[in-house]
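Numbering (the working numbering), first residue to last: 2 to 334.
Virtual Cβ for every residue (Gly too), placed ideally from N, Cα, C.
Because the structure is a prediction, the values reported are computed rather than measured.
Scroll down for the structure; my scribbles are underneath it.
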């Protein structure tokens, strides 16, 4: 683990360099490999050729989306794990993925909406709807908002939406065909306009997470200690929950439900930067972007010349990691 602030800053700079290198690899690697000279020319002096158009309109947006989504999911995971004090927590506990998928299937089934840009906003609204329901249920009762109640309410709401979604898809093959690729999670074929639409929300959530980091550190000590130190715990939890919705909801809106990034990356970041969220969150952002970029590059080569959704690749990486963390937690008891 990096101990001093200077070491942590050097680590951040190193990860930033790796992130930029991964973005560059994402731009030049694929079914038709592009030389670095072609890539530079496409970005600086695009001549309208096929090679230049592929770089400027397909691979550059894909790299930017993967970096932004990976960073957002990882930060959302770190906040969720802090909120629930559960090392296996992810935004899925808020029902965000299930809510987004449910509302998308409703719109495709009953309103025949097929525009990817429209569906991205539908996904954002579905994610926010599910999180709001979980938050209201969790806040009810004399104990108020507790980690256990959030976990139980989120699990129940996610299961409900997932069941409703599967039921509608089973009755409507057309809807299944239209949303299946989205439900698997992918950054392929996404236009930069999709990222631009939700980027203000993501950027606001990145900034808000850093401003809230010190309060999250205190909240991790327990509600009684936090209240004794003058923290308004309910407000801090509500603010953190809102940030999770913006981060994960914006990511789902652009790329669909990509799993396991939000579980894996916070553990990697803690191994490097410790539990101080003022350092943990920026480490999560950089590591999340790097991991999703590398997974997306791998997705291009698994079944060459066809591609697999990057959500499948992250699942293949994440399931063994999930089992390892779960077994380590059981052994620690």
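- Residue range 224 to 229 is occupied by the alpha helix (DSSP H) that includes residue 227.
- Residues of the same chain with a CB within less than 6 Å of the CB of residue 155, apart from the 5 flanking positions on each side, are 94, 95, 96, 135 in chain order.
- Residue 79 counts as buried, since no fewer than 16 other beta carbons sit within 10 angstroms of its beta carbon.
- The region 11 to 23 makes contact with the region 276 to 286: 3 or more CB pairs, one atom from each, lie closer than 8 Å.
- Here the C-alpha atom of residue 57 lies approximately 13 Å from the C-alpha atom of residue 24.
- Straight across, the Cα-Cα distance linking residue 105 with residue 132 is about 16 Å.
- Nearest in C-alpha terms to residue 52, of all of 69, 30, 167, 185, is 30.
- In the structure shown, residue 307 falls within a strand segment according to DSSP collapsed to helix, strand and coil.
- Inter-residue distance for residue 250 and residue 193 is about 17 Å (C-alpha atoms, whole angstroms).
- For residue 261, the secondary structure class from DSSP, reduced to helix, strand or coil, is coil.
- Its Cα nearest to that of residue 266, the residue 91 stands out among 152, 91, 7.
- A residue is called buried once 16 or more other Cβ atoms fall within 10 Å of its Cβ, and residue 238 is buried on that count.
- Inclusion of residue 103 and residue 200 in the CB contact set at 8 Å is not warranted, their separation being larger than that value.
- For residue 141, no alpha helix (DSSP H) segment is defined, and its DSSP state is neither H nor E.
- Residue 20 and residue 41 have their alpha carbons spaced roughly 18 Å apart.
- Here residue 260 has 91, 93, 98, 186, 312, 315, 316, 319 as same chain residues with Cβ atoms under 8 Å from its own Cβ, once five neighbours each way along the sequence are excluded.
- In this model, residue 206 and residue 7 are separated by some 26 Å (Cα to Cα).
- Its chain contains 210, 248, 282, 285, 286 as the residues whose beta carbon lies nearer than 6 Å to that of residue 76, once the 5 sequence neighbours on both sides are disregarded; these appear in chain order.
- Residue state for residue 3 is assigned as coil, using DSSP reduced to three classes.
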